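Trainee:
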Amino acid sequence: MSINSKLHPLACATPGKGVLRIRGWDYDCGSLEFAIQRSQDDMYLQQDRQWNKTPCWFAQDFVEEDDGQSISCTVGSALVDPLLECSASSVFNFRLRSTAEGVEEENPMKLEAGLMSSLAGGPGAAAADSSAILAVDRQAQAPAVPQPPAEQAAPAEPTEPPAPAPAVSPVATGNSGKSPLPWIILVLVLLLLAAATAWFWLFNRPAAAVLDASDYQTAAESVPATVQPCSTENMANSTELAFVQACMQQMPDSNELLQIIEAAKAAGHCGIAQRLYAHRSQAGDLQIARRYAQEYDPRYHQPNSCFAEADATTAAYWYETILGYAPDDLEARQRLEDLQP
1 MSINSKLHPL ACATPGKGVL RIRGWDYDCG SLEFAIQRSQ DDMYLQQDRQ WNKTPCWFAQ
61 DFVEEDDGQS ISCTVGSALV DPLLECSASS VFNFRLRSTA EGVEEENPMK LEAGLMSSLA
121 GGPGAAAADS SAILAVDRQA QAPAVPQPPA EQAAPAEPTE PPAPAPAVSP VATGNSGKSP
181 LPWIILVLVL LLLAAATAWF WLFNRPAAAV LDASDYQTAA ESVPATVQPC STENMANSTE
241 LAFVQACMQQ MPDSNELLQI IEAAKAAGHC GIAQRLYAHR SQAGDLQIAR RYAQEYDPRY
301 HQPNSCFAEA DATTAAYWYE TILGYAPDDL EARQRLEDLQ P
């Protein structure tokens, strides 16, 4: 009997968390290892959430469930996020092995409706996910590097007090025989210079101040406006994941997000468009999930550079996602029935 593997949301849906449930495993459930491979390019999920040709085995202790037919373990964003990011275009192959017993089994893995990316929890949700999800994914925090004490400023050297100004001898009069006229002329010249300086500062300083204000205004106008996280410009200057994280933190509504997705498609940023669709759809935005399903639904499909062909299987997946949140959605149910063979 081959195994059956599914990734379920927690009973209390939590962004970035899930339950990996395996049925049909007939061996011991302790100290197992698993690898996840996506079908589109045969790449394996790695510990750093990237994908590579080399199989990466995650060590995990499973527990037996009450029904006696299943084993399960709780996983976190290190597993949930990368799977959701490419779930729209991939089928995953799940390999489970026990090195102690020398057995290995594999089978396709299904992602159940209701799973949410850690981004759905708002700003900082991914960083807050500190649970030990996978044994090989734990990272010890680096000890804080002690900072050298700030250098104390050297005490200022004492300065010598200024020498007292030499006393001015009074103008000699009387018997000195010298006229005081030269001294009077010197004092008048100094007074005229002081008056001219005062006039210059009093009547020219306001003009200088106006000029400075004008310069500041020109400088302020020359500073470019801050690039918006969800802008087309930011798409070109960021990685796909960084853009999606920054944009989702702004919490655009459904209509705004559809405009952003259309801008991404028009600019050829297909990965960004798919990530935005998938993240918000998995978080329960039914308007986005419906539009995403229609990108693949043969009835509604309009060929474009990012969604060149219809795909009934992928469309059915997103209609199932809608029904997971809204079981009474008649349109989604009807389209799902029409798409199923």
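For the sequence shown, UniProt numbering begins at 1 and goes up steadily by one.
No residue lacks a Cβ here, since even glycine has one placed at the ideal position from N, Cα and C.
Small disclaimer: the values here were computed from a predicted structure and weren't measured.
1) Between which two residues does the alpha helix (DSSP H) containing Gly271 stretch?
2) Pick from Glu64, Ala263, Ala194, Ala289: whose alpha carbon is nearest that of Trp318?
3) Looking at the secondary structure, which residues open and close the beta strand (DSSP E) in which residue 346 lies?
4) In or out: Gly76 buried (at least 16 other Cβ within 10 Å) or exposed?
5) Quick check on Thr321: buried or exposed, where buried means 16 or more other Cβ atoms within 10 Å of its Cβ?
6) Going by DSSP, what residues sit across from Glu309 in a beta bridge?
7) In terms of alpha-carbon separation, which member of Arg299, His8, Gln40 lies closest to Trp51?
8) Spatial neighbours of Asp28 within its chain, please: C-beta separation below 8 angstroms, excluding the five flanking residues on both sides.
9) Which of the three DSSP states is assigned to Phe243 in this structure?
10) Could you tell me which residues DSSP puts in a beta bridge with residue 344?
11) With a cut-off of 8 angstroms, do at least 3 Cβ pairs link the stretch 263 to 276 to the stretch 231 to 245?
12) Cα-Cα, which of Leu84, Asn107, Ala315, Glu85 is closest to Trp25?
13) From Thr54 to Gln60, what does the alpha carbon distance come to, in whole angstroms?
14) Helix, strand or coil for Glu233? Go by DSSP, reduced to three states.
15) State buried or exposed for residue 361, treating a residue as buried only when at least 16 other CB atoms are found within 10 Å of its CB.
16) Taking 8 angstroms as the cut-off, decide whether the C-beta atoms of Ala315 and Asp328 are in contact.
17) Please classify Lys6: does DSSP put it in a helix, a strand, or coil?
18) Taking the CB atoms as reference points, tell me whether Val19 and Ser70 lie closer together than 8 angstroms.
19) Within 10 Å of its beta-carbon, does Val187 have 16 or more other beta-carbons around it, so buried, or fewer, so exposed?
20) Return the CA-CA distance between residue 425 and Arg21, expressed in angstroms with no decimal places.
21) Thinking just about the alpha-carbon of each residue, which of Ala293, Asp285, Gln274, Tyr325 is nearest to the one in Cys306?
22) DSSP beta-bridge partners for Glu106?
23) Is Cys244 near His301, with beta carbons less than 8 angstroms apart?
Mentor: Concretely, from the data shown:
1) 270 to 282
2) Ala289
3) With the chain running from 1 to 341 in the structure shown, residue 346 is simply not present.
4) Label assigned to Gly76: buried.
5) buried
6) Looking at the DSSP assignment, Glu309 forms no beta bridge with any residue, so it has no partner.
7) It is Gln40.
8) Cβ neighbours of Asp28 beyond the five flanking positions: Ser98, Ala100, Glu101.
9) The answer is helix: DSSP assigns Phe243 an H, G or I state.
10) Because the chain here runs from 1 to 341, residue 344 falls outside it and cannot be looked at.
11) yes
12) Asn107
13) Computed Cα separation, rounded: 19 angstroms.
14) helix
15) Any answer about residue 361 is impossible in this case: the structure gives the chain only from 1 up to 341.
16) no
17) Strand.
18) no
19) exposed
20) This structure cannot speak to residue 425, because the chain is shown only from 1 to 341.
21) Gln274
22) Arg95
23) Residue 244 is actually Val in this sequence, not Cys. Not in contact: Val244 and His301 (Cβ atoms no closer than 8 angstroms).
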